[in-house]
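Peer 1: Okay, so the sequence shown: first residue is 758 according to this note's numbering, each after it adds one. Where a beta carbon is used, it is the ideal one built from N, C-alpha and C, also for glycine. The structure presented is a predicted model; accordingly, all values stated were derived computationally and were not measured. Below are the structure tokens for one structure; questions will follow.
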Amino acid sequence: MSAVTPITIGEACGVFGVFAPGKEAARLAYFGLFALQHRGQESAGIAASDGNAITVYKDLGLVAQVFDEGKLASLTGDIAIGHTRYSTTGSSNWANSQPTYRDLGDSSIALSHNGNLTNTGALAEHLGDQGATTDSELMTELIANEVASCGSLPKAIAAAAPEFEGAFTLTVMDRNTLVGIRDPRGFRPLCLGRLENEGWVLASESAALDIIGANFVREIAPGEMVVINDDGVASLFPFEAADPRMCVFEFVYFARPDSRLYGEEIHSARLRMGELLADQAHVAADIVVPVPESGIPGAQGYAARSGVPYVDGLVKNRYVGRTFIDPSQSMRDRGVRMKLNAMPGILGGKRIVLVDDSIVRGSTTKQLVQMIRDAGATEIHLRILSPPYRWPCYYGMDTGDRSTLLAAGMEVHEIAEFLGVDSLAYLELDALLEATGAPADGFCTACLSGDYPTGVPTTGDKYLLERS
Ligand code: SF4
758 MSAVTPITIG
768 EACGVFGVFA
778 PGKEAARLAY
788 FGLFALQHRG
798 QESAGIAASD
808 GNAITVYKDL
818 GLVAQVFDEG
828 KLASLTGDIA
838 IGHTRYSTTG
848 SSNWANSQPT
858 YRDLGDSSIA
868 LSHNGNLTNT
878 GALAEHLGDQ
888 GATTDSELMT
898 ELIANEVASC
908 GSLPKAIAAA
918 APEFEGAFTL
928 TVMDRNTLVG
938 IRDPRGFRPL
948 CLGRLENEGW
958 VLASESAALD
968 IIGANFVREI
978 APGEMVVIND
988 DGVASLFPFE
998 AADPRMCVFE
1008 FVYFARPDSR
1018 LYGEEIHSAR
1028 LRMGELLADQ
1038 AHVAADIVVP
1048 VPESGIPGAQ
1058 GYAARSGVPY
1068 VDGLVKNRYV
1078 GRTFIDPSQS
1088 MRDRGVRMKL
1098 NAMPGILGGK
1108 RIVLVDDSIV
1118 RGSTTKQLVQ
1128 MIRDAGATEI
1138 HLRILSPPYR
1148 WPCYYGMDTG
1158 DRSTLLAAGM
1168 EVHEIAEFLG
1178 VDSLAYLELD
1188 ALLEATGAPA
1198 DGFCTACLSG
1208 DYPTGVPTTG
1218 DKYLLERS
């Protein structure tokens, strides 16, 4: 039996922050990051403050590989931030892992970033050669410079952040203060939670609150900055107002099904995507088969609406991880053989509706289709829970340039031919937005529509800062 991976796109990162008087903040951050592991598996890190100093530990690998009891015990204090990384700027190496840290004596800071700036080159030029190799380090440098002149972390962030363009959700800390901030369009999510007795939590997704027993309070608004210290939580808006544009792929793929965004449960939204896809592109078939795992709720919705039985015909190796430590294409190609297996006993002799969340490069989907053919399927009708992915993302998803995107240069019937399927249908954009349950004008859809909410770089790539 051959095996393939459904992973065709890079992931956003996960950020976390906790202000928990009297508690072991690093331990809470560890479990929070564990719940955010799906957002990045290249590196993990935690910074913690005991009120006197900030200690940082980070390394390449999964959260459970990076930390053990001894390392957590060394991260003392009741304020912490954490990060799980998938590289969208800079290579996957130790130096680029997060949180970033700047030693400013009593004013030292640490920072975790999810997103991707669109003015990295201009910021680097403005700062001069500081040796930064990621946009996150540039932001840390700018904030550190402002700390020196403003004297307080919140003031420094409020002064520096309007210089950043693009996507940035940050958790930042000094010895006594935790700050969370979303860029004015809120490309990447951030929510606030309350610990049972005392304390506050910031996390990319609400599922990371559940794991540590924190209650969901609210989503941080686009353009909002929250400052958490002994005085409680203060809310500021340091940017000029902009229309909110959360990444629609948070609903399609990134976020956990048990998280809530825009007040909507992701699992329910994915079910609706499948239902609407069945309305839009019904086909006579024997079974509906998901590409695990993000295709599962959509396949369930498709099956329920169409009346075609849902069957698990592909088995995922749950221990491989959702993507790879080395995100290079060569590693992806090798990893393809490790993630999924088809079951001929279930797929053989059947007309199959195969449901997946998206197709970006298409190479792994093609192999998946061949694997299902090899398992004896008589027909394969591919149904995709999002529209054709035709434009590169500059806001935190590593898709490469347009030449790597399958749908950028092909019509749907040509893609079907390339993939070797009997039919192919994509969920229409209006239907996708309807399925989210959130306001349709609250999303970035640039990779699907070409309608970018900000200016985008005309030169440079994720290794921009490593060339000199
Ligand atoms: S371009 Fe696509 S992947 Fe990137 S933020 Fe916008 S919707 Fe999300």
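Short check: CB of residue 1105 to CB of residue 1132, under 8 Å?
Peer 2: In this structure, residue 1132 lies closer than 8 Å to residue 1105 by Cβ.
Peer 1: Residues in the same chain with beta-carbon distance under 6 Å from residue 1075, minus the five sequence neighbours each way, listed in chain order, please.
Peer 2: Contacts found: none.
Peer 1: Strictly by DSSP, which residues pair up with residue 1003?
Peer 2: Beta-bridge pairing links residue 1003 to 1200.
Peer 1: What does the alpha-carbon distance come out to for the pair residue 1123 and residue 1137?
Peer 2: When rounded, the distance between both Cα atoms is 12 Å.
Peer 1: Check residue 904 in the structure and name its three-state DSSP category.
Peer 2: Looking at residue 904 - three-state DSSP - the assignment turns out to be helix.
Peer 1: Please determine, among 854, 781, 838, the residue with the shortest C-alpha to C-alpha distance to residue 799.
Peer 2: Checking every option, the nearest Cα to that of residue 799 belongs to 854.
Peer 1: Which class does residue 859 belong to by DSSP, given the choice of helix, strand or coil?
Peer 2: Here residue 859 sits in strand by DSSP.
Peer 1: Where does residue 783 land, buried or exposed, given buried means 16+ other C-beta within 10 angstroms?
Peer 2: Residue 783 should be labelled buried.
Peer 1: Note down the Cα distance separating residue 885 from residue 833, rounded to an integer number of angstroms.
Peer 2: Approximately 35 Å between the Cα atoms of the pair.
Peer 1: Which residues have their C-beta within less than 6 Å of a heavy atom of the ligand NAD, listed in chain order?
Peer 2: This structure simply doesn't include the ligand NAD; it includes the ligand SF4 instead.
Peer 1: Between residue 1196 and residue 1203, which are expected to be in contact by the criterion C-beta below 8 Å, what is the C-beta distance as a whole number of angstroms?
Peer 2: No, residue 1196 and residue 1203 are not in contact; Cβ-Cβ is about 17 Å, not under 8 Å.
Peer 1: Classify residue 957 as buried or exposed, calling it buried when 16 or more other Cβ atoms lie within 10 Å of its own Cβ.
Peer 2: The residue is buried, with at least 16 neighbouring Cβ atoms inside 10 Å.
Peer 1: Report the rounded CA-to-CA distance for residue 824 versus residue 814, giving the unit in angstroms.
Peer 2: Residue 824 and residue 814: Cα-Cα distance of roughly 8 Å.
Peer 1: Using beta-carbon positions only, say whether residue 979 and residue 1001 come within less than 8 Å of one another.
Peer 2: Yes; because the gap between Cβ atoms is below 8 Å, this pair is in contact.
Peer 1: Does the pairing of the region 912 to 930 with the region 869 to 878 give three or more beta-carbon distances under 8 Å?
Peer 2: Yes: the two stretches touch, three or more of their Cβ pairs being nearer than 8 Å.
Peer 1: Under a three-way DSSP split, which group does residue 871 fall into?
Peer 2: The answer is strand: DSSP assigns residue 871 an E or B state.
Peer 1: Does any C-beta atom of chain B lie closer than 8 Å to the C-beta of residue 1037?
Peer 2: The chain inventory of the structure shown lacks chain B, comprising one protein chain alone.
Peer 1: If distances are taken between C-alpha atoms only, which option among 922, 950, 838, 949 comes closest to residue 934?
Peer 2: The shortest Cα separation from residue 934 among 922, 950, 838, 949 belongs to 838.
Peer 1: Identify which residue in 896, 898, 1170, 905 has its Cα closest to the Cα of residue 862.
Peer 2: Among 896, 898, 1170, 905, the Cα nearest to that of residue 862 belongs to 905.
Peer 1: What is the rounded straight-line gap between the Cα of residue 1146 and the Cα of residue 777?
Peer 2: So the alpha carbons of these two residues sit roughly 42 Å apart.
Peer 1: To the nearest angstrom, how far is it from the Cα of residue 1060 to the Cα of residue 1143?
Peer 2: Roughly 17 Å separates the two Cα atoms.
Peer 1: Would you kindly work out how many angstroms separate the C-alpha atoms of residue 1039 and residue 945, rounded to a whole number?
Peer 2: Approximately 33 Å between the Cα atoms of the pair.
Peer 1: Does the region 911 to 924 come close enough to the region 968 to 977 to have 3 or more Cβ pairs within less than 8 Å?
Peer 2: No, the region 911 to 924 is not in contact with the region 968 to 977.
Peer 1: Which residue's Cα is closest to the Cα of residue 850: 802, 938, 985, 826?
Peer 2: The candidate whose alpha carbon is nearest that of residue 850 is 802.
Peer 1: Got a sec? Which residues, its chain only, sit under 7 Å from residue 1007 by beta carbon, not counting five neighbours each side?
Peer 2: Cβ neighbours of residue 1007 beyond the five flanking positions: 946, 1018.
Peer 1: Determine which residues share a DSSP beta bridge with residue 1022 and list them.
Peer 2: DSSP lists 1017 as partners of residue 1022.
Peer 1: Ignoring anything shorter than 4 residues, give me the alpha helix (DSSP H) runs that lie fully in the region 759 to 832, in order along the chain.
Peer 2: The region 759 to 832 contains these whole alpha helix (DSSP H) runs: 782 to 792, 820 to 823, 826 to 831.
Peer 1: Taking just the CA atoms, how far does residue 1065 sit from residue 775?
Peer 2: Going by the C-alpha atoms only, they are around 46 Å apart.
Peer 1: If you measure between the beta carbons of residue 829 and residue 787, is that distance less than 8 Å?
Peer 2: Result yes, Cβ atoms of residue 829 and residue 787 sit closer than 8 Å.
Peer 1: Determine the DSSP secondary structure at residue 1219, reduced to helix, strand or coil.
Peer 2: With a pLDDT of only 47 at residue 1219, under the threshold of 50, the placement of this residue in the model should not be trusted, and no figure is reported.
Peer 1: Can you find at least 3 beta carbon pairs, one from the region 1107 to 1118 and one from the region 1151 to 1167, that sit closer than 8 Å?
Peer 2: A contact exists between the region 1107 to 1118 and the region 1151 to 1167.
Peer 1: Please state if the CB of residue 880 and the CB of residue 1037 are separated by a distance shorter than 8 Å.
Peer 2: No, they are not a contact pair.
Peer 1: Thinking residue 804 and residue 896 are a contact (beta carbons under 8 Å), I'd like their distance in whole angstroms, please.
Peer 2: That pair is no contact at about 15 Å.
Peer 1: Please determine, among 936, 1009, 981, the residue with the shortest C-alpha to C-alpha distance to residue 989.
Peer 2: Comparing Cα positions, the closest option is 936.
Peer 1: For residue 1058, does the count of other Cβ atoms within 10 angstroms reach 16, so buried, or fall short, so exposed?
Peer 2: Burial call: buried.
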